[in-house]
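Residue numbering for the sequence shown follows the UniProt record's numbering, beginning at 1 and increasing consecutively.
Just below is one structure, and these are the notes that go with it.
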Amino acid sequence: MATFLHALAAAGARRGGGSGNPTAGFEKVELADGDFVVQSPYNVPESQRFRYRDGVRTFWVYKDDKPFNTATHTNPRSEVKIRGHDYSSGVWQFEGYGYVPSGTSGVSVMQIHNEEGAAHSTVLMLHVYDGVLRFYSGAAVEPGIYDRWFRLNVVHDVGASTVAVYVDGEERFSTRVIPSDSYYFKFGVYMQHHDQSSCMESRWTNVTLYTKH
Numbered sequence: 001m002a003t004f005l006h007a008l009a010a011a012g013a014r015r016g017g018g019s020g021n022p023t024a025g026f027e028k029v030e031l032a033d034g035d036f037v038v039q040s041p042y043n044v045p046e047s048q049r050f051r052y053r054d055g056v057r058t059f060w061v062y063k064d065d066k067p068f069n070t071a072t073h074t075n076p077r078s079e080v081k082i083r084g085h086d087y088s089s090g091v092w093q094f095e096g097y098g099y100v101p102s103g104t105s106g107v108s109v110m111q112i113h114n115e116e117g118a119a120h121s122t123v124l125m126l127h128v129y130d131g132v133l134r135f136y137s138g139a140a141v142e143p144g145i146y147d148r149w150f151r152l153n154v155v156h157d158v159g160a161s162t163v164a165v166y167v168d169g170e171e172r173f174s175t176r177v178i179p180s181d182s183y184y185f186k187f188g189v190y191m192q193h194h195d196q197s198s199c200m201e202s203r204w205t206n207v208t209l210y211t212k213h
């Protein structure tokens, strides 16, 4: 536990050397435990793909796992959908400390998801391939992501149709996105379509939402 707390402090210190606090001017959104809804393979107990201990949520899946229910043919996942905080206007921000162990590849670890039935499922996915955090499978957001705690802030300005990604307080990536009717946040592991490892894992703590209107 001491090592874990030291790692979080180090991530915060790195952030302090950055361009500023991404949450400045935002209002914290109160989240209840019931707002963190786990989606995991339907054919195994949740405890075999998810663990919540000492404030840390750990997610893992195997590449031959089943989807999260029998009505979908989507790839294996073990992730949280933040329920009850869908949004359609204003500026919203996801913040969390993440950790991706060495070897995990071909997986999304964080998403901004559109409403069900939208023409496009997401406006942002952050994938990990061979130790690099990427916007989908394209632009590199942060190299050397393995085996360290990092502070992730993702800011979505709905009116401007933009997203910006900060790692340890530094803006690493921004782009315009295709607008949709409403949005919600997800984090964990969701297998993608190439370069997958046999097991995919991520860990998260201190996940918080912020907003301003």
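Glycine included, C-beta positions come from ideal geometry on N, C-alpha and C.
For clarity, every value in this text was computed on a predicted model and none was experimentally measured.
With which residues is residue i paired in a DSSP beta bridge?
i	result
PHE68	Bridge partners of PHE68: none, in fact.
VAL56	ARG53, THR205
TYR62	CYS199
GLU115	Paired residues: none, contrary to the question.
ARG83	In the DSSP output, where bridge partners are listed per residue, ARG83 has none listed.
THR122	HIS113
GLY96	LEU152
TYR210	LYS28, GLN93
Let me know if residue i comes out buried or exposed under the rule of 16 or more other beta-carbons within 10 Å of its beta-carbon.
i	result
HIS213	exposed
THR58	buried
GLU116	exposed
SER174	exposed
VAL189	buried
GLY138	exposed
PRO76	buried
VAL154	buried
THR74	exposed
SER197	buried
GLY98	buried
If I follow the unbroken beta strand (DSSP E) through residue i, where does it start and stop?
i	result
HIS156	149-157
TYR190	183-191
VAL177	No beta strand (DSSP E) contains VAL177, which DSSP labels as neither H nor E.
GLU46	Careful: GLU46 lies outside any beta strand (DSSP E) and carries neither H nor E.
GLU30	First-last for GLU30: undefined, no H or E at that position.
THR162	162-167
Could you tell me how far apart the beta carbons of residue i and residue j are, in whole angstroms, since I believe they sit closer than 8 angstroms?
i	j	result
TYR184	HIS85	7 angstroms
LYS81	GLN39	6 angstroms
SER105	TYR129	5 angstroms
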